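Since the structure comes first, as structure tokens, the remarks are kept for the end.
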Amino acid sequence: MEMTHFSFRLHNFIPFSHLLLFLYTFAHSKSSLLGVHPLDEKYFASRVIQCKDGSKSFTRDCFNDNFCDCVDGTDEPGTSACPRGKFYCRNLGSKPQFIFSSRVNDQICDCCDGSDEYDSSVNCPNTCVMGGDLNYRIGSRISSIDVNESKETVLREDLYKATALQMVIILQVVLLGCVLIYRLFHGRAKLKRRHYQ
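Going by numbering that gives the first Met the number 0, the first residue of the sequence shown is number 0, and it counts up by one from there.
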């Protein structure tokens, strides 16, 4: 009886272990495309990949290996090996952007999702949720702020949003007060009608 119980557990564990192996392989294959725009993922799917400037080709093993094979940085979007390379920040919940590959693992959080500091000692919090990368856009250490966009503009936008939120709260309080007053007078009117009957 115990032997069948053990084989039953082992029988249930085998599919679970296959699922874990599949998930690990899937996650590992996606992480090797770090810094790549989703539309370029098919470009990097083949075994031999052409540099985007057409200068030469490289094998898939040389992709993100921290050695610059292409002058334009095609082979190293996820490392800082190529000076002309670009790293793609997915920034889910905010605006996606490209940064220079030289900013990857440089101890400074350039992407609001922190994906550019995947191999450094800095722990970048994900501030992209609901576009909430305001603190990082204001800070002097973040590169995503436009040259024409100043701190005053960002603060002015926040002040406008805060004022609009205050107006909504005031309107809700006024509406709630009107409902309470109506209910109070309506209840008194019913009470008076009952009293006179």
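Heads up, the beta-carbon is just placed ideally off N, CA and C, and yes, glycines get one too. These numbers were taken from a predicted model, which means no experiment stands behind them.
Query: Bounding residues of the beta strand (DSSP E) (the contiguous stretch that carries Phe43); Result: No beta strand (DSSP E) contains Phe43, which DSSP labels as neither H nor E.
Query: Where the beta strand (DSSP E) through Tyr117 begins and ends; Result: Tyr117 -> no beta strand (DSSP E), and no H or E assigned at all.
Query: Arg187 versus Arg193: straight-line alpha-carbon distance, rounded; Result: 10 Å
Query: Ser100 (DSSP reduced to helix, strand or coil); Result: helix
Query: Sequence-distant residues of the same chain with beta carbon closer than 7 Å to Val47, five excluded per side; Result: Ser56 and Thr58
Query: First through last residue of the beta strand (DSSP E) which encompasses Lys85; Result: Lys85 to Cys88
Query: Within 8 Å, strictly: CB atoms of Ser79 and Ser45; Result: no
Query: Through-space distance from Phe62 to Ala163, alpha-carbon basis; Result: 49 Å
Query: Distance between Lys160 and Val173 (C-alpha atoms, nearest Å); Result: 20 Å
Query: Buried or exposed by the 16-neighbour rule on C-beta atoms within 10 Å, applied to Phe86; Result: buried
Query: Option nearest Gly72 by Cα separation, candidates Gln106, Val35 and Leu175; Result: Val35
Query: Three-way DSSP call (helix, strand, coil) for Gln49 in this model; Result: strand
Query: Start and end residues, beta strand (DSSP E) containing Thr58; Result: Ser56 to Thr58
Query: Three-state class that DSSP yields for Gly72 in the structure shown; Result: coil
Query: Alpha carbon of Asp39 to alpha carbon of Gly176, nearest angstrom; Result: 57 Å
Query: Spatial neighbours of Phe66 in its chain, beta-carbon cut-off 7 Å, leaving aside the 5 residues before and after; Result: Ala80
Query: C-beta contact flag for Asp115 and Asp109 at 8 Å; Result: yes
Query: C-alpha distance - Arg182 paired with Gln165, whole-angstrom precision; Result: 26 Å
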